[in-house]
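According to the UniProt record's numbering, the sequence shown is numbered sequentially starting from 1.
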Amino acid sequence: MERFLAQLCGTSALQPLPVWEGDTTGHCFTQLVLSALPHALLAVLSACHWGNPRNPDWIPHRSPGWRLRLTASFLLSIFPLLDLLPVALPPGAGPGPVGLEVLAGGMAAVAWISHSMALWVLSHSPHGRSRGPLALALAAFLPAPALVLTLLWHCQRGTLLPPLLPGPLSRLCLIILQLAVLLAYGLGWAVPGKPREPWAQEPLLPEGQEAEVAEDGESWLSRFSYAWLAPLLARGARRELRQPQDTCRLPRRLHPTYLAHIFQAHWQEGARLWRALYGAFGQCYLALGLLKLVGTMLGFSGPLLLSLLVGFLEEGQEPLSNGLLYALGLAGGAVLGAVLQNQYGYEVQKVTLQARGAVLNILYRKALHLGPRRPPVGEVLNLLGTDSERLLNFAGSFHEAWGLPLQLAITLYLLHQQVGVAFVGGLILALLLVPVNKVIATRIMASNQEMLQHKDARVKLVTELLSGIRVIKFFGWEQALGARVEACRARELGRLWVIKYLDAACVYLWAALPVVISIVIFITYVLMGHQLTATKVFTALALVRMLILPLNNFPWVINGLLEAKVSLDRIQRFLDLPNHNPQAYYSPDPPTDPTAALELHEALFSWDPAGTSQETFISHLQVKKGMLVGIVGKVGCGKSSLLAAISGELHRLRGQVAVWELSRGFGLATQEPWIQFATIRDNILFGKMFDAQLYKEVLEACALNDDLSILPAGDQTEVGEKGVTLSGGQRARIALARAVYQEKELYLLDDPLAAVDADVASHLLHKCILGALGHTTRLLCTHRTEYLEKADVVLLMENGRLVQAGPPSEILPLVQAVPKAWAEDGQESDPATAQSVQTPEKTKEGLDVEGSTSDRLLQDESKKEGAVAFHVYRAYWRAMGPGLALAILFSLLLMQATRNAADWWLSHWISQLKAAKNNSQEAPAPSSLSSEGLLSAQLLLFSPGSLYPLPTTQHLGVATAQSCPQWLLRHPFLPHRVCDHCWCQLLLHPSPGSALCGGHPPSSRHPASPPAV
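This is the structure:
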């Protein structure tokens, strides 16, 4: 170092960096310490502001202060380059060596260029309304003392006295100009900023009312240090993070809309999913491999520098500066490697989140576009939950798949440098374990496929159970169905037990392998006649410990890749299912008659493509525009199948289906109403813009005004999923109102009058079907034939065939109708009587909500804060079993005790080696062998990858999982939120201990925390 400074400054090696030269500071000290270092600091601080987000809401008009600072910064970046020109001129042009002047001038130019870019960015950001960051402005004045001292140096050297040399004189003029421009910079900073005018109008949301995107626009220093998380962590410390809305908004690259747009650009129907994922996110993901490589290489600096440091301490012959450099390099490499590895993990998680968002988006889209032949709901939920998560295990495993073998190879090479061919014994052990690991991995993959099949069957059964929970409790079928759920769960757990025990065995083998390798290596090294020294021992142990990561993680990497492959195949099969194609199902030509809205000719339909189920055949049917068509027949004759065939829910085997203006769609009201988990208004609007007049007419036509008047929040009242908080009549009328509000030309009404009483049915007929929908084409299925007397045409269905069509006077007598007295009573009742009859029905329908006094029927679930209660630990202790729990605690205690004993023995052994060296005595080989045996025994007996943790977590998960459906079946009717909570837990986290079956070792998880079941 001293020699380098002497060559750079042109001084003697005894005093390479003189601080004083006469009455002023030394020129080399001024250029390096007072000029180069402040300029370097200015460059770093300026670069930190390059990524500040721009403010698009304001006109890019800079105040005079900002313009003056930008101009001054640009000039200050040019002056140092001009200052280098006199250095090449003849004699006395340069005050110091050329290398020193180039270093100082180049650093100054880079600093001011970086500062100019930072000022440009800040002037376009919200800082443009003020002076900007104070620290950045102060950093700009740090090089000023160097300019002043250089000016004094020139004055002392007599630069202004004759003979006037052009080189020194030009340098003096440039220094004076730099000081003047720097003064102008200060004046520009002193000018106060002023607010800008908006582009055209005030923003919709005032600034500060919406949570900012925490990461977007942050500088690289903030990203590396995670300083952008400080406000969020501060709010968390103040206990202000209670809802998801309390956190910051997602960055743009993680927003679902952005992800869907990027993925759709690479996705085509029938394409391979992995190709589309690679096209959308592959380049960014592969670029992270470089970060992984650099972090891995920095990890090897530790053992190498440790070897040099131990050798320095042991021999004591090198200069002290070398020891300091070794120590600083060891610390710096560890810190930088940790930072890079952390950034790599964080960026991989972001790419994983991007890919999962895209996969979920395409799965949801596929589920909405599937044709009549679709998989069960439980299987789709498994794809959206378990399989989509396991598919993304590939992101965390791919780079490890090549990084771990590379790390293993470099480690073995460094071991060869330390102990020679003695490392071959450890290499042979590692190679022998590879076939064993392959057998275990193959068995795990096969068991995993079987477990997923059993899981699909269980989730399908649980879905049916939750859908019919009321009927199950009415008939007392809890015990029988609970036994079926337990039987499905038992078959699934049988495969899961196999997987977990194979995982545990695999982890134990690979965790114990480095210990065995170290034993074999040191024994072989000693038997070859070499002497173990402190340098060899510490370096070799550090390298052997580095084998733990590749050897211990490798089975998890393989497991993650295999699980990703299985889930990819399942998702690909789902995406390859045929979509519903309206262009192929419906005729491309409109009906032959221009006045017809619907025409079917020789059309044959079936619920399955093979035609094995009941078929629906329509030889010829033509429906005129504006007609009311009634469809009657016995139960199971095919009335609902006819409407399903028109709406495209059946497979068309042959024939033609022509619809006028098909692009406008249908208005559909099914026999079993589908209600969203939302407010009543949102259920009616169904995404359409709110029209107050139309909305009011729809409520009146569907007889919902009286119902809304008794609800606590009117049409803003929340209803549960499938409308569990509403009566059957209310659900039917809300579904009918939703169809009416869509304003279609063709309506398919599947018995909407069945769930209401006679008076409400009469109101719906006259006000809605004949009133609000009187100008549309309507097909009405109903058993209440008294309401079809005003129909234009009535269709009679029998055994899936259209047997007759004609006016109501001809068709209705052919079917068994309700007695005329009932219909006449319902039609002749006066309004007062109708109101008196209607009120009890509506009051009964509103019983579910009368007791609520809040605006929301479904309140937020309660939660507790603070320490976990003791009874929770006691419950988990009992579920685990006292014997197994004590065995685990005792193993953990012995593991830590033996680790401490091993560290103490290593220190004692090294002390004995040093004492023997000082006494010129050689330490006998048996002591080395016995020492290594004691160091390794604890790892073999009490390895962190023992067989206890995985089956224990499995046992806890089984106990918790089996209690959930039993509790659900044995308790009274549940609030919807409790049912929904059990639903999500059972479907999305169906495998106890599944957190340990990912692409990461247990050490990166939290094995003490219970699995979510």
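Glycine included, every Cβ here is placed at the ideal spot set by N, Cα and C. None of the values given here were measured: they were computed from a predicted structure.
Distance between beta carbons of residue j and residue i, contact taken as under 8 Å
| i | j | result |
| --- | --- | --- |
| Arg-778 | Leu-628 | 5 Å |
| residue 1015 | Leu-305 | With the chain covering only 1 through 1013, there is no way to say anything about residue 1015. |
| Leu-653 | Phe-574 | Actually they are not in contact, since the Cβ atoms of Leu-653 and Phe-574 sit about 25 Å apart, beyond 8 Å. |
| Arg-69 | Gly-188 | 4 Å |
| Gly-655 | His-601 | 6 Å |
| Trp-153 | Thr-24 | 6 Å |
| Ala-395 | Ala-355 | 6 Å |
| Val-632 | Val-815 | 5 Å |
| Phe-263 | Ala-111 | At roughly 42 Å, the Cβ-Cβ gap does not stay under 8 Å, so Phe-263 and Ala-111 are not in contact. |
| Ala-645 | Glu-745 | About 19 Å separates the two Cβ atoms, so there is no contact after all. |
| Ala-735 | Ala-669 | 5 Å |
| Val-485 | Arg-458 | 7 Å |
Cutoff 6 Å; reference residue i; Cβ partners in own chain excluding five residues on either side
| i | result |
| --- | --- |
| Ile-558 | Ala-441 |
| Phe-686 | Arg-738 |
| Gln-178 | Phe-79, Leu-147 |
| Leu-568 | Leu-391 |
| Thr-679 | Gln-716, Glu-718 |
Strand pairing of residue i, partner residues [DSSP]
| i | result |
| --- | --- |
| Gln-531 | Gln-531 pairs with nothing; no bridge assigned. |
| Tyr-747 | Gly-667, Arg-778 |
| Lys-625 | Lys-625 is not bridged to any residue. |
| Arg-801 | Phe-617, Glu-798 |
| His-763 | None, per the DSSP bridge assignment. |
| Leu-598 | Val-623, Val-659 |
| Thr-630 | For clarity, residue 630 is Gly in the given sequence; the question names Thr instead. In DSSP, Gly-630 forms a bridge with Leu-780, Val-794. |
| Gln-49 | What sits at residue 49 in the sequence shown is His, not Gln. DSSP output for His-49 lists no bridge partner at all. |
| Thr-25 | Trp-20 |
| Leu-654 | Looking at the sequence itself, residue 654 is Arg, so the reference to Leu does not match. Per DSSP, Leu-604. |
| Glu-718 | Thr-679 |
Close-in-space but distant-in-sequence residues of the same chain around residue i (CB under 7 Å, 5 per side omitted)
| i | result |
| --- | --- |
| Leu-84 | Glu-101, Val-102, Gly-105 |
| Gly-279 | His-266 |
| Ala-144 | Leu-182 |
| Tyr-344 | Leu-288, Leu-291, Lys-292, Gly-295 |
| Thr-411 | Leu-543, Met-546, Leu-547 |
| Glu-314 | Ala-534, Thr-535 |
| Leu-561 | Phe-394, Ser-397, Ala-401 |
| Ala-422 | Ile-521, Thr-524, Tyr-525, Met-528 |
| Lys-696 | none |
Residue i - DSSP class collapsed to helix/strand/coil
| i | result |
| --- | --- |
| residue 1047 | No information on residue 1047 is available, as it lies outside the stretch 1 to 1013 that the chain covers here. |
| residue 1021 | The chain is shown only over 1 to 1013; residue 1021 falls outside these bounds and no answer can be derived. |
| Ile-675 | coil |
| Trp-20 | strand |
| Glu-215 | coil |
| Ser-397 | helix |
| Asp-604 | Residue 604 is actually Leu in this sequence, not Asp. The answer is strand: DSSP assigns Leu-604 an E or B state. |
| Glu-649 | coil |
| Glu-789 | coil |
| Gly-806 | strand |
| Asp-83 | helix |
| Val-44 | helix |
| His-416 | helix |
| Asp-593 | coil |
| Phe-74 | helix |
8 Å CB neighbourhood of residue i in its chain, flanking five on each side removed
| i | result |
| --- | --- |
| Val-310 | Ala-534, Thr-535, Phe-538, Thr-539 |
| Leu-802 | Phe-617, Ile-618, Ser-619, Leu-621, Leu-642, Leu-795, Leu-796 |
| Glu-615 | Leu-604, Phe-605, Ser-606, Leu-653, Gly-800 |
| Gly-270 | Asp-576 |
Distance cut-off 8 Å: residue i Cβ against heavy atoms of the ligand HEM
| i | result |
| --- | --- |
| Val-459 | This structure does not include the ligand HEM; it has no bound ligands of any sort. |
Which complete beta strand (DSSP E) runs does the stretch 299-380 hold, if anything under 3 residues is left out? none
Could you tell me which whole alpha helix (DSSP H) segments of length 4 or greater appear in the stretch 864-917? 870-880
Could you pull out every unbroken alpha helix (DSSP H) segment of at least 4 residues lying fully inside the stretch 469-544, listed in chain order? 469-475, 478-527
At 4 residues or longer, and completely inside the stretch 262-293: list those alpha helix (DSSP H) runs for me, N to C. Within the stretch 262-293, the runs of alpha helix (DSSP H) at least 4 residues long that lie entirely inside it are, in chain order, 273-277.
In chain order, what are the residue ranges of uninterrupted alpha helix (DSSP H) at least 4 long that sit wholly in the stretch 544-588? 548-575, 582-585
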